[in-house]
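Going by numbering that gives the first Met the number 0, the sequence shown opens with residue 0, and the numbers climb by one from there. What follows is one structure encoded as structure tokens, with my remarks underneath.
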Amino acid sequence: MSESSVVSDNQDIFLCVDHVGYAVPDMDAAIKLHTEVFGWHVVFRGKNEEQGVEEVMLATNGHDVTDRDAEIQLLAPLNEESTIGKWLAKNGGRGGIQQVAYRVADVEKAAEILASRGVKMLYDAPRHGTYGSRINFCHPKSTGGVLLELVERPADPEGFMPIV
Ligand code: CMX
0 MSESSVVSDN
10 QDIFLCVDHV
20 GYAVPDMDAA
30 IKLHTEVFGW
40 HVVFRGKNEE
50 QGVEEVMLAT
60 NGHDVTDRDA
70 EIQLLAPLNE
80 ESTIGKWLAK
90 NGGRGGIQQV
100 AYRVADVEKA
110 AEILASRGVK
120 MLYDAPRHGT
130 YGSRINFCHP
140 KSTGGVLLEL
150 VERPADPEGF
160 MPIV
């Protein structure tokens, strides 16, 4: 890229990759694979009824939920009509990468900037995510084919840790 084509008024929107989300047809089998084979550690297991998922967050040993390390998220459907249920059905019942999540400092501000640049945001206002975070999503049709989640973690995520 030539120097003249670099966007000079660009600004940071994202802090880092928050997590990568895998849709899984069998949560217990997925946990076994990710812990016993891949060596990740389960740091959170819970349900998000609004999103229709059971979710498990995985991290390295000694992971501090307030730090900037990326995590892995396992997503199993609570029912066939949920987003993950439909995703798995469309994928022949096989699991796979369903989303990539970017951490942001202010989800409303990030969504506003992205929308002003033509990105289709899924929600008019943030909804509830893992650890009491505030989330929104960019539709894959306006991101080059990847479902992007925006995650604003709460000031005290430790207060939202109904761990396993
Ligand atoms: N990644 C990439 N592309 C995807 C996708 C995904 N996860 N899900 C759907 N698509 C594509 C489909 O393949 C389809 O493309 P084609 O038209 O080329 O076949 C297109 O998007 C369909 O879009 P749609 O008709 O608007 O809607 P869908 O019913 O397929 O749902 C979406 C797509 C993004 C609206 C839905 O997945 C959604 O609402 N996601 C946000 C919520 C969510 O993912 N919740 C579960 C996780 C909860 C959590 O992380 O906490």
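Yeah, the Cβ is synthetic: ideal placement off N, Cα and C, and Gly gets one too.
Contact between A100 and H18 holds, with the beta-carbon distance rounding to 5 Å and staying under 8 Å.
About 12 Å separates the beta carbon of Q72 from that of L146, a gap too long to meet the 8 Å contact definition.
The region 111-120 and the region 133-147 touch, with three or more beta-carbon pairs separated by less than 8 Å. Shown here for W86: same chain residues with a beta carbon closer than 6 Å to its own, the five before and five after excluded, namely A22, Q97 in chain order. E148 carries a strand assignment under DSSP once its states are collapsed to helix, strand and coil. Judged by DSSP in its simplified three-state form, D27 adopts helix.
Per DSSP, L87 is one residue of the alpha helix (DSSP H) stretching across 82-89. For V106, same chain residues with a beta-carbon under 6 Å away, outside a window of 5 residues either side, are P125, R133, N135, L149, E151 in chain order.
The three-state reading of DSSP puts I12 in coil, since its state is none of H, G, I, E or B.
The C-alpha of L74 is placed about 6 Å away from the C-alpha of E53. The Cβ neighbour count for R93, taken over all protein chains shown within 10 Å, is under 16; the residue is labelled exposed. Taking 9 Å as the cut-off, the beta carbon of G51 is found closer than this to the beta carbon of I83.
In the structure shown, P139 falls within a helical segment according to DSSP collapsed to helix, strand and coil. For the pair H127 and N47, the CB atoms are nearer than the 9 Å cut-off.
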